[in-house]
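Residue numbers (our numbering): 1 to 142.
Ideal Cβ placement from N, Cα and C applies to all residues, glycine included.
Predicted model only: the values in this text are computed from it and were never measured.
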Ligand SMILES: Cc1cc2nc3c(=O)[nH]c(=O)nc-3n(C[C@H](O)[C@H](O)[C@H](O)COP(=O)(O)O)c2cc1C
């Protein structure tokens with residue numbers, strides 16, 4: 001089956017460890033069932049989530065997520081077919097946003113919505129460890 005990807009940004013509504021753990025538990029339970037993998041960048045002012053898997057399953061998950069009252073202002077950033085999974089080993093990888101370049105002011109000013117596909121993919125590739133300085137040091141030179 002062909003693979004599909006959706007990326008969105010949203011604003012947490014009541015952000016604390018308990019809520020985050022609940023979200024991650026729901027995400028992992030459903031995603032194992034639905035053959036979805038991905039990553040969730042989490043911080044007090046932003047969720048940024050990458051979902052990948054069979055198209056109907058990813059669309060269904062995104063529709064449920066968009067209705068969830070644990071966040072608000074869900075903004076769709078990217079969707080479309082992909083050749084391969086970036087997070088094949090992760091029912092939902094949790095990223096505590098260390099890898100994000102956006103400041104709180106930039107998020108408030110809507111910079112995530114202005115990011116182009118290459119910039120968004122680069123953020124998630126760095127989280128997945130397939131690009132960036134860490135990944136570069138793992139590749140042995142010829
Ligand atoms: C930020 C955020 C990320 C979520 N990520 C996922 C996810 O990756 N997969 C998923 O199925 N549900 C995810 N959920 C939970 C869904 O909104 C929903 O609670 C869950 O899919 C169960 O759906 P149901 O209550 O209709 O059975 C997420 C919710 C939030 C707020």
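- Rounded to the nearest whole angstrom, the C-alpha separation of residue 21 and residue 127 is 19 Å.
- Between the beta-carbon of residue 35 and that of residue 56 there is about 10 Å, and that puts the pair past the 8 Å contact cut.
- Residue 78 and residue 69 have their C-alpha atoms spaced approximately 22 Å apart.
- Counting of Cβ neighbours within 10 angstroms places residue 52 among the buried residues, the total reaching 16 or more.
- In the DSSP assignment, residue 77 falls within the unbroken beta strand (DSSP E) covering 71 to 82.
- Counting every other CB atom within 10 Å of its CB across the protein chains shown gives residue 58 a total of 16 or more, marking it as buried.
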